[in-house]
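Line by line, the protein sequences are chains A and B.
Take the first sequence: its letter number 157 is residue 156 in numbering that gives the first Met the number 0, and every next letter is one higher.
Take the second sequence: its letter number 148 is residue 147 in numbering that gives the first Met the number 0, and every next letter is one higher.
Even for Gly, the Cβ is constructed at its ideal location relative to N, Cα and C.
Reviewing the structure listed below.
Number of protein chains: 2
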Amino acid sequence: MQLAKGIEWTTHVCTIIALLPEGKGLSVDALAEFFELPAAYLSKQMQALRRAGIAQSVRGKGGGYRLAQSPDAITLLDIVIAIEGPSPAFRCTEIRQNGPCGLERSECKRPCEIAAAFAAAEQAYRSALESKTLASIMQEAAMNSTPEHMMEIAGWVQRQSS
Amino acid sequence: MQLAKGIEWTTHVCTIIALLPEGKGLSVDALAEFFELPAAYLSKQMQALRRAGIAQSVRGKGGGYRLAQSPDAITLLDIVIAIEGPSPAFRCTEIRQNGPCGLERSECKRPCEIAAAFAAAEQAYRSALESKTLASIMQEAAMNSTPEHMMEIAGWVQRQSS
DNA sequence: CTTTATCCGGATAAAAGATATCCGATTAAG
DNA sequence: CTTAATCGGATATCTTTTATCCGGATAAAG
Ligand code: SF4
Ligand code: SF4
Chain A
0 MQLAKGIEWT THVCTIIALL PEGKGLSVDA LAEFFELPAA YLSKQMQALR RAGIAQSVRG
60 KGGGYRLAQS PDAITLLDIV IAIEGPSPAF RCTEIRQNGP CGLERSECKR PCEIAAAFAA
120 AEQAYRSALE SKTLASIMQE AAMNSTPEHM MEIAGWVQRQ SS
Chain B
0 MQLAKGIEWT THVCTIIALL PEGKGLSVDA LAEFFELPAA YLSKQMQALR RAGIAQSVRG
60 KGGGYRLAQS PDAITLLDIV IAIEGPSPAF RCTEIRQNGP CGLERSECKR PCEIAAAFAA
120 AEQAYRSALE SKTLASIMQE AAMNSTPEHM MEIAGWVQRQ SS
């Protein structure tokens with residue numbers, strides 16, 4: 000069970016484009032360069048963010064990506080769902096309906112105890128991610144960083160933005 | 000992100016072999032038939048359970064699998080780790096060390112806020128699974144099932160066991 | 001002892017999913 | 001209108017998961 004790399008990538012990207020001034024954007028090429036990532040693949044991940052309503056894009060010369068919502072309205076769970084999809088990790092294939100002692104379809108109206116236990120665990124996972132907003136992450140990061148490094152990043156963003 | 004099917008399979012298998020009387024076992028073929036699963040692949044999953052110390056096997060004629068521990072000592076987390084391995088789902092590739100504003104290796108002694116948030120979420124997931132033992136699952140299942148079906152399963156297990 | 005049943009591990013193959021790339025469509029700017 | 005920049009969807013490659021097979025080891029039973 001592995002989370003897609005795109006989750007780490009896009010989360011980082013969100014913390015960067017959150018620094019953009021109103022009306023500006025950052026191109027995928029610039030973002031890929033910032034993190035030394037494959038630009039074409041990062042582009043695909045950013046498209047997923049856009050479809051999920053987390054980011055918005057502007058095409059054509061001078062275009063790029065920016066956040067579609069306020070940083071305190073975007074949770075880590077939103078990003079995970081955007082990249083990985085909403086389907087739960089535990090896949091119940093209803094094997095209790097199989098075999099010599101299989102139950103009838105009609106007897107399986109509700110998920111069994113095993114499926115329920117995994118659903119509860121995933122819910123705990125989701126709740127933990129939902130409690131972290133992009134804004135809270137950025138705030139924590141700012142406290143653990145140096146003013147110099149913050150300025151360095153802010154300057155780069157300003158130079159690259161269009 | 001998907002959990003392996005083997006997790007659903009082996010969890011079900013554990014609830015069945017937990018019903019075995021002392022000293023008896025169930026063959027992979029019998030278990031595969033019970034759930035209509037591919038026997039060869041289920042065999043691989045069961046080997047993983049054995050390596051993790053959850054199940055024990057007896058070779059040769061009349062052999063098979065049985066639990067290596069008491070059902071209330073086996074948690075769902077144990078089964079997940081046995082099948083999926085212990086490595087966390089979130090893979091940090093340290094991209095903050097890359098690019099024009101990359102940090103030095105020495106500045107990255109501890110995981111950042113993003114990695115910490117995902118680690119905390121996974122910990123919540125694990126804790127939820129750890130709180131469910133095989134015994135508790137079986138007890139809940141018994142309450143939601145009919146006496147007839149329980150007897151049907153118990154009878155099948157007794158007939159197939161050796 | 002021989003046969004039969006069973007697990008064990010490795011080698012292999014097929015399917016699915018994640019990762020990476022390419023090129024056409026679109027748009028701002030000159 | 002032309003050009004350059006940029007996104008967007010189709011396509012290709014790689015990795016992981018899923019599944020199968022078979023030779024060998026082990027043990028019970030005839
Ligand atoms: S018993 Fe539970 S886990 Fe198993 S097939 Fe049914 S719902 Fe799914
Ligand atoms: S900033 Fe966090 S998630 Fe990003 S590379 Fe560093 S530790 Fe990993």
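{"Query": "Delimiting residues of the beta strand (DSSP E) encompassing Gln68 of chain B", "Result": "Per DSSP, Gln68 of chain B belongs to no beta strand (DSSP E) and is neither H nor E."}
{"Query": "Endpoints, the beta strand (DSSP E) within which Ser126 of chain B is located", "Result": "First-last for Ser126 of chain B: 112 to 129, but that is the alpha helix (DSSP H), not the beta strand (DSSP E)."}
{"Query": "Selection from B:Gly59, B:Gln1, B:Trp155, B:Pro37 that minimises the alpha carbon distance to Pro99 of chain A", "Result": "B:Trp155"}
{"Query": "Pairwise C-alpha distance: Ala118 of chain B and Pro87 of chain B", "Result": "8 Å"}
{"Query": "First and last residue of the uninterrupted alpha helix (DSSP H) at Ser135 of chain B", "Result": "133 to 143"}
{"Query": "Residue interval of the alpha helix (DSSP H) (run including Gln159 of chain A)", "Result": "146 to 159"}
{"Query": "is_contact[Pro85 of chain B, chain A] using C-beta, thresh 8 Å", "Result": "no"}
{"Query": "beta-carbon Glu121 of chain B near ligand 1 non-hydrogen atom, thresh 7 Å", "Result": "no"}
{"Query": "Length of the line joining the Cα atoms of Ala116 of chain B and Cys91 of chain B", "Result": "12 Å"}
{"Query": "Ser160 of chain B, buried or exposed, once every other Cβ within 10 Å from all chains shown has been counted against 16", "Result": "buried"}
{"Query": "Three-state secondary structure assigned by DSSP to Thr92 of chain B", "Result": "coil"}
{"Query": "Closest Cα partner of Asn143 of chain B within the set A:Gly62, A:Ile82, A:Pro110", "Result": "A:Pro110"}
{"Query": "Ala166 of chain B, enclosing beta strand (DSSP E) - first and last residue", "Result": "Nothing can be reported for residue 166 of chain B: it is not among the residues displayed for chain B, which extend from 0 to 161."}
{"Query": "Ligand 1 heavy atom lying under 7 Å from the CB of Pro37 of chain B", "Result": "no"}
{"Query": "Contacts that Lys131 of chain B makes with chain A (C-beta to C-beta distance below 7 Å)", "Result": "Ala116"}
{"Query": "Segment contact, 8 Å Cβ cut-off, at least three pairs: the region 3 to 17 of chain B with the region 27 to 40 of chain A", "Result": "no"}
{"Query": "Among A:Ile73, A:Tyr64, A:Gly52, A:Asp28, nearest to Pro21 of chain A - alpha-carbon criterion", "Result": "The question names Pro, but residue 21 of chain A is Glu in the sequence shown. That would be A:Tyr64, whose Cα lies nearest to the Cα of Glu21 of chain A."}
{"Query": "Contact test: Glu93 of chain A Cβ vs ligand 1 heavy atom, cutoff 7 Å", "Result": "yes"}
{"Query": "Nonlocal neighbours in the same chain, by C-beta distance under 8 Å from Ala153 of chain B, ignoring five residues either side", "Result": "Leu18"}
{"Query": "Proximity test, Cβ basis, 8 Å: Ala127 of chain A and chain B", "Result": "yes"}
{"Query": "N- and C-terminal bounds of the alpha helix (DSSP H) containing Ile6 of chain A", "Result": "4 to 16"}
{"Query": "Bridge partners - Leu25 of chain B, DSSP secondary structure assignment", "Result": "B:Tyr64"}
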